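Have a look at the structure below, then the notes.
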Amino acid sequence: AQKVTQAQTEISVVEKEDVTLDCVYETRDTTYYLFWYKQPPSGELVFLIRRNSFDEQNEISGRYSWNFQKSTSSFNFTITASQVVDSAVYFCALSEANYGQNFVFGPGTRLSVLP
Amino acid sequence: EAQVTQNPRYLITVTGKKLTVTCSQNMNHEYMSWYRQDPGLGLRQIYYSMNVEVTDKGDVPEGYKVSRKEKRNFPLILESPSPNQTSLYFCASSTWTGYNEQFFGPGTRLTVL
């Protein structure tokens, strides 16, 4: 069965520090999709990125970057030069292509960026 | 404006009193889903639907029902709510499948006394 683990429950950093949020997944499928979503204090869920299992290229979007490593079943998220507006709960999620269309989220990591 | 709407946003009810939370999307999405969010557990999928009249169980379907009679609507029904269903509920939709970007509604906070 599929599973997503985010071992860091809460992280606090000071503004301008870099921070990495860890995500480890388990899957029985060879084709799967990984996601990161952000939930700011206002409560809405915001899509950040989707990566499929055949694309191990790292991705950078502004201050955000993602490191996908199939060998360690990890899909880590790094925020460079963090800002107070990055304070949120971040969820990693997984969907398998060949075992139904269900969707599994990790428990989330609460990031607090202090001024 | 493309959006997913949920109603009501807040609901306090009592054990055993049937309730329905509505979800509607205006993006012509095929895939719709319901999640509940509980502290320390993240979001857990309750039910999802690939299209009209096609629904399937997620990880935590017990105590819930859904229907998909129209493409835009995906109501969540609690026929006999219990206190352990107190939670924050999100509806979401996406094109084609569950592994595209999902658009989430604003959430419904349900308290069952």
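Read top to bottom, the protein sequences are chains A and B. First residue of the first sequence? That's 1 in my numbering, and the numbers climb one at a time after it. First residue of the second sequence? That's 1001 in my numbering, and the numbers climb one at a time after it. Positions of the beta carbon are idealized from the N, C-alpha and C atoms, including for glycine. Computed from a predicted model, the values in this text were never measured in an experiment.
7 Å Cβ cut-off: residues of chain A touching residue i
i, result
"residue 1089 of chain B", "Simply none; closest approach about 12 Å."
First and last residue of the uninterrupted beta strand (DSSP E) at residue i
i, result
"residue 1071 of chain B", "Here residue 1071 of chain B belongs to no beta strand (DSSP E), and DSSP marks it neither H nor E."
"residue 66 of chain A", "64–69"
"residue 33 of chain A", "32–39"
"residue 110 of chain A", "109–114"
"residue 54 of chain A", "Residue 54 of chain A -> no beta strand (DSSP E), and no H or E assigned at all."
"residue 1111 of chain B", "1108–1112"
"residue 9 of chain A", "Unbroken run through residue 9 of chain A: none, as it is neither H nor E."
"residue 1089 of chain B", "1087–1094"
"residue 74 of chain A", "74–79"
"residue 1102 of chain B", "Element bounds for residue 1102 of chain B: n/a, residue is neither H nor E."
"residue 16 of chain A", "Premise fails: residue 16 of chain A is in no beta strand (DSSP E) and is neither H nor E."
"residue 89 of chain A", "88–96"
"residue 26 of chain A", "24–26"
"residue 1084 of chain B", "Here residue 1084 of chain B belongs to no beta strand (DSSP E), and DSSP marks it neither H nor E."
Within chain B, the residues that residue i reaches when beta carbons sit closer than 7 Å
i, result
"residue 108 of chain A", "1042"
"residue 97 of chain A", "1099"
"residue 33 of chain A", "1099"
"residue 45 of chain A", "1090, 1104"
"residue 54 of chain A", "Under the 7 Å cutoff, chain B gives no residues; its nearest Cβ is about 13 Å from residue 54 of chain A."
Within chain B, partners of residue i - CB distance below 8 Å
i, result
"residue 50 of chain A", "1099, 1100, 1101"
"residue 75 of chain A", "What residue 75 of chain A touches in chain B: nothing, since even the nearest Cβ is about 14 Å away."
Interface residues of chain B facing residue i [CB-CB closer than 9 Å]
i, result
"residue 91 of chain A", "1042, 1043"
"residue 68 of chain A", "The premise fails here: residue 68 of chain A is roughly 15 Å from chain B at the closest Cβ pair, so nothing lies under 9 Å."
Rounded separation between residue i and residue j - CA only
i, j, result
"residue 1057 of chain B", "residue 60 of chain A", "35 Å"
"residue 1002 of chain B", "residue 1027 of chain B", "6 Å"
"residue 1073 of chain B", "residue 1005 of chain B", "10 Å"
"residue 95 of chain A", "residue 104 of chain A", "6 Å"
"residue 22 of chain A", "residue 42 of chain A", "23 Å"
"residue 1096 of chain B", "residue 1044 of chain B", "20 Å"
"residue 1050 of chain B", "residue 86 of chain A", "33 Å"
"residue 67 of chain A", "residue 1038 of chain B", "28 Å"
"residue 1091 of chain B", "residue 1068 of chain B", "13 Å"
"residue 79 of chain A", "residue 19 of chain A", "5 Å"
"residue 98 of chain A", "residue 4 of chain A", "17 Å"
"residue 1066 of chain B", "residue 1054 of chain B", "10 Å"
"residue 1059 of chain B", "residue 1048 of chain B", "10 Å"
"residue 7 of chain A", "residue 90 of chain A", "12 Å"
"residue 1077 of chain B", "residue 15 of chain A", "44 Å"
"residue 1107 of chain B", "residue 39 of chain A", "12 Å"
"residue 947 of chain B", "residue 1089 of chain B", "Outside the displayed span of chain B (1001 to 1113) sits residue 947 of chain B, for which this structure offers no information."
"residue 1102 of chain B", "residue 1093 of chain B", "5 Å"
"residue 11 of chain A", "residue 1070 of chain B", "43 Å"
"residue 1111 of chain B", "residue 73 of chain A", "37 Å"
"residue 1063 of chain B", "residue 30 of chain A", "33 Å"
Proximal residues of chain A, C-beta to C-beta of residue i below 8 Å
i, result
"residue 1107 of chain B", "43, 44"
- Message: At 3 residues or longer, what runs of the beta strand (DSSP E) sit wholly inside the stretch 1021–1063 of chain B?
- Response: 1031–1038, 1042–1051, 1054–1057
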